[in-house]
Amino acid sequence: DAGVIQSPRHEVTEMGQEVTLRCKPISGHDYLFWYRQTMMRGLELLIYFNNNVPIDDSGMPEDRFSAKMPNASFSTLKIQPSEPRDSAVYFCASSLTGFSSYEQYFGPGTRLTVT
Amino acid sequence: SQQGEEDPQALSIQEGENATMNCSYKTSINNLQWYRQNSGRGLVHLILIRSNEREKHSGRLRVTLDTSKKSSSLLITASRAADTASYFCATASRKDTGRRALTFGSGTRLQVQP
Chain L
1424 DAGVIQSPRH EVTEMGQEVT LRCKPISGHD YLFWYRQTMM RGLELLIYFN
1474 NNVPIDDSGM PEDRFSAKMP NASFSTLKIQ PSEPRDSAVY FCASSLTGFS
1524 SYEQYFGPGT RLTVT
Chain E
3 SQQGEEDPQA LSIQEGENAT MNCSYKTSIN NLQWYRQNSG RGLVHLILIR
53 SNEREKHSGR LRVTLDTSKK SSSLLITASR AADTASYFCA TASRKDTGRR
103 ALTFGSGTRL QVQP
């Protein structure tokens, strides 16, 4: 399996622009998680889905952030409008329901820089 | 919020030495996991220990869990330069067993000098 795939790997944009991050989970996994990592705040859970349904979005910082999962193999995290404080590495992770389903598999991340 | 707090924040050792990292958490847990993150990469799952377990081994890794102290330790024996990475503990809450989200600690940066 190719693992969790994220695109783009790097994104540089200007303040006010819309940013869309993409994630393809491991085939067959039914949980998908979006995280943000910064030096100041560490690794923060933004939102997670189960069977394409958002379960907990309490970590989404503001209305500027939105996430969708239209099908089992694709999810997006959108920031509109972007701000410099959104600069971070955004990770997508997936896991599978089962006895050991708490193990999460992470993608390589998208490094976002907002200028 | 960060439930797990790792100690030390940074650790530098020589190749061949053992590395010990500690994690403390605040609430009752279902399980605790350790992850490794190489620079510029995503996190990789290393080992999971359940709340009813006290010790677990995997290769050169040894994890202990003390639920009475709400703490865990990760021991890497005979360290190698390739072990250089950041290590994170992550907890799954016992309060809501249906909740699959993990809470990650702040991490320990391990540097193994060749």
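Chains as they are written, first to last, in the working numbering: chain L, 1424 to 1538; chain E, 3 to 116.
We put the beta carbon where it would ideally sit given N, CA and C, even for glycine.
Model, not experiment: these values are computed from the prediction.
Discussion item. For L:Ser1430 and L:Leu1466, I'd like the C-alpha separation in whole angstroms.
Written reply: 19 Å
Worksheet item: Closest Cβ-Cβ distance between E:Ser53 and chain L: below 8 Å?
Response: no
Discussion item. Please report the distance separating the alpha-carbon of L:Ser1496 from that of L:Arg1445.
Written reply: 11 Å
Worksheet item: Do we get a CB-CB distance below 8 Å when we pair E:His59 with the residues of chain L?
Response: no
Practice prompt. Return no unless some Cβ of chain L is closer than 8 Å to the Cβ of E:Gln16.
Written response: no
Fill in: E:Ser41 versus E:His47 - alpha carbon distance
15 Å
Worksheet item: Along the chain, where does the beta strand (DSSP E) that runs through E:Ser30 open and close?
Response: Premise fails: E:Ser30 is in no beta strand (DSSP E) and is neither H nor E.
Worksheet item: Do L:Pro1484 and L:Gln1440 come within 8 Å of each other at the CB atom, strictly closer than that value?
Response: no
Discussion item. For chain L, check one thing: does any of its Cβ atoms lie closer than 8 Å to the Cβ of E:Ser108?
Written reply: yes
Fill in: Under 8 Å by beta carbon: chain L residues contacting E:Asn40
Those do not exist, as E:Asn40 stays about 10 Å from chain L at its closest Cβ, beyond 8 Å.
Worksheet item: Taking one C-beta from the segment 75 to 91 of chain E and one from the segment 17 to 37 of chain E each time, how about it: are there three or more such pairs within less than 8 Å?
Response: yes
Discussion item. So, at 6 Å on beta carbons, what are the nonlocal neighbours of E:Arg52 in its own chain, with the 5 sequence-adjacent residues on each side left out?
Written reply: Asn33
Discussion item. With a threshold of 8 Å between beta-carbons, can E:Leu77 be considered close to chain L, or not?
Written reply: no
Discussion item. Please state the DSSP three-state secondary structure of E:Asp85.
Written reply: helix
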